[in-house]
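First comes the structure, then the notes that go with it.
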Amino acid sequence: TKTVREVLEEVVPKKQLQLKQLKTEHSQAVLGEVKVEHVVGGMRGLKSMLWEASVLDPLEGIRFHGLSIADCQNVLPAAPGGKEIIAESMLWLLLTGKIPTEAETRQLSRQLAEKGELPEYIEKLLDSLPPTLHPMTQLGMGVAALNHESKFQAAYERGIKKNEYWQYALEDSLDLLARLPALAARIYRNVYNPGQPLPKVNKDLDLVGNYANMLGFGDNHDLTEYLRLYIAIHGDHEGGNASAHTSHLVGSTLADPYLSYAAGLYALAGPLHGLANQEVLRWQMQMQKELGDNITHDSIRESLWKTLKSGQVVPGYGHGVLRNPDPRFMALQQFCDTRPSLLQDPIVQLVKKTYEVAPAVLKEHGKTKNPYPNVDAASGCVLYHYGLTQFKYYTVIFGVSRALGCLTQYVWSRALGLPIERPKSLSMDAIEKLIKE
Ligand code: NMX
Ligand code: MLT
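When you read off a place in the sequence shown, starting at 1, and then add 23, the result is the number in UniProt numbering.
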């Protein structure tokens, strides 16, 4: 059985060669035009980043090294006794482009569990924070402070060669991923269950099995399975999304993996990005309160118009790239469809009913380019059903997941020797001058 590092040692030279050929043979090939609309419109659609692990198609949704979510559900190993994809098998696929065997997956789980405990200074740091500080702020702080452990930074200071960067980047990435469950679970404990004992990392469990256990839901098999699926499919969404892009930008300065991913977390903490999953639940609960027991499609429609007319966005709907319902949303809905207790849950039912009405309302409203749900529309209601009811915590789970994609690209960026990001900006006067020339 090979380790993930051994597989990467085989893959890296091939990718390095591919990049070399792209640079020498095609560096002047045109991939698109840069228009004023790109410069003033959030660079939507501008092809301007290299990102290896996944590519997002507007209609089909995400593919991880060419595999759709359904493909991954078919081929990626699950946990013992489980059916859903686990973080380790997704990480293996993202990092190497290869499908791990069951034995490779178990070995990676063990490797991570063995280094899963937090250093004491991190525990003290987290325990000193006010419980009213948003859990995402706490997560970013904990991750950034863990850079005290960075092997990449220490090696850089020693003066290693550029072609060795990726190996230290990989070590940091695995160390960081290993500690995320304990870090994120400690925040949950401190904020919502102060004083409760926290279980130690169980070396026989997978990463998310341990996370669920430390959150206090270890004996809830269905929630653990849901978290596995959730964390696997939120892991990567190509490079242009705000968290991945931020992490990539910061990493390009050779800031270590901890700082780069912490930066990405703070982008994820915005309500137009990952915080939308918190907002969706807050908004749907408010709708439920206002509409009472007998919720109909008509009453939901009215409620949607109320949100839109008050000038707010409908959280969980719309997307910068997607132009169809998000296949991640569909995968989470499918999870509900196979479990009667979820199907009978009022908040799960409300999310589903909202989906039956919202696209038509958003089309009639006529602003959003994508009237369909994104992943955040569905992700929170299942957590709520299983007793993880504190929605300010939901983006932390998204954040734990996004480490898979951000850290994978960090390793690839160093392996490929990508340069510091530094696009050209223009003032409006400079744009006008260029147009006249
Ligand atoms: N409800 C109401 N209006 C919307 C929505 C929505 N869900 N989505 C887009 N619009 C508006 C948008 O605000 C913009 O208005 P204006 O011209 O006044 O500025 C107009 O429609 C055109 O926006 P788009 O080009 O369709 O969307 P854009 O690519 O700029 O933004 C999002 C994408 C995802 C930020 C946007 O759809 C949104 O704000 N959605 C709600 C928040 C959300 O669910 N975010 C989570 C995204 C997924 N994630 O996890 O990151
Ligand atoms: C994501 O998962 O990052 C979101 O869907 C946002 C995006 O892709 O822009």
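C-beta atoms are modelled at their ideal positions from N, C-alpha and C, and glycine is treated no differently. The structure displayed is predicted, hence computed values, not measured ones.
- In the three-state reduction of the DSSP assignment, TYR340 falls in the strand class.
- Put simply, of MET164, SER132, ARG133 the residue whose alpha carbon is nearest the alpha carbon of LYS147 is MET164.
- If one requires a minimum length of 4 residues, the alpha helix (DSSP H) runs lying completely within the stretch 112-164 are 125-137, 143-150, in chain order.
- Here DSSP, grouped into helix, strand and coil, assigns ARG445 to coil.
- Screening all residues for a C-beta within a distance smaller than 5 Å of any heavy atom in the ligand MLT leaves HIS260, ASN264, GLY343, in chain order.
- For PHE87, the enclosing beta strand (DSSP E) begins and ends at 84-87.
- If you compare the alpha carbons of ILE256, GLN307, SER151, SER173 with that of PRO217, the shortest gap goes to SER151.
- Taking VAL98 as reference, the option from GLY274, VAL405, PRO81, GLY120 with the minimal CA-CA separation is GLY120.
- Per DSSP, the beta bridge partners of VAL78 are ARG86.
- Annotation for LEU206 indicates a beta carbon at 7 Å or more from all heavy atoms of the ligand NMX.
- Contact check for VAL303 and GLY339: beta-carbon distance about 4 Å, within the 8 Å limit, so the pair qualifies.
- In terms of Cα proximity to THR377, the closest of VAL62, GLU325, ALA285, LEU114 is GLU325.
- Around the beta carbon of LEU82, fewer than 16 other beta carbons lie within 10 angstroms, which makes this residue exposed.
- For the stretch 226-299, the full-length alpha helix (DSSP H) segments reaching 4 residues or more read 230-238, 244-256, 265-274, 280-291 along the chain.
- Nearest to GLU29 by C-alpha distance, out of SER322, LYS456, PRO123, ARG362, is PRO123.
- ASP399 counts as buried, since at least 16 other C-beta atoms from the protein chains shown sit within 10 angstroms of its C-beta.
- Looking only at HIS244, GLY403, ALA426, ARG251, the smallest Cα-Cα distance to MET308 is reached by GLY403.
- When PRO280, VAL384, VAL434 are compared, the shortest CA-CA separation from SER173 is found for PRO280.
- Here the stretch 173-187 does not lie against the stretch 105-120, with fewer than 3 beta-carbon pairs under 8 Å apart.
- In this structure, the ligand NMX has no non-hydrogen atom nearer than 7 Å to the beta-carbon of LYS415.
- For SER270 and ALA201, the gap between their C-alpha atoms comes out near 19 Å.
- Going by beta carbons, LYS70 and GLY55 fall inside the 8 Å limit.
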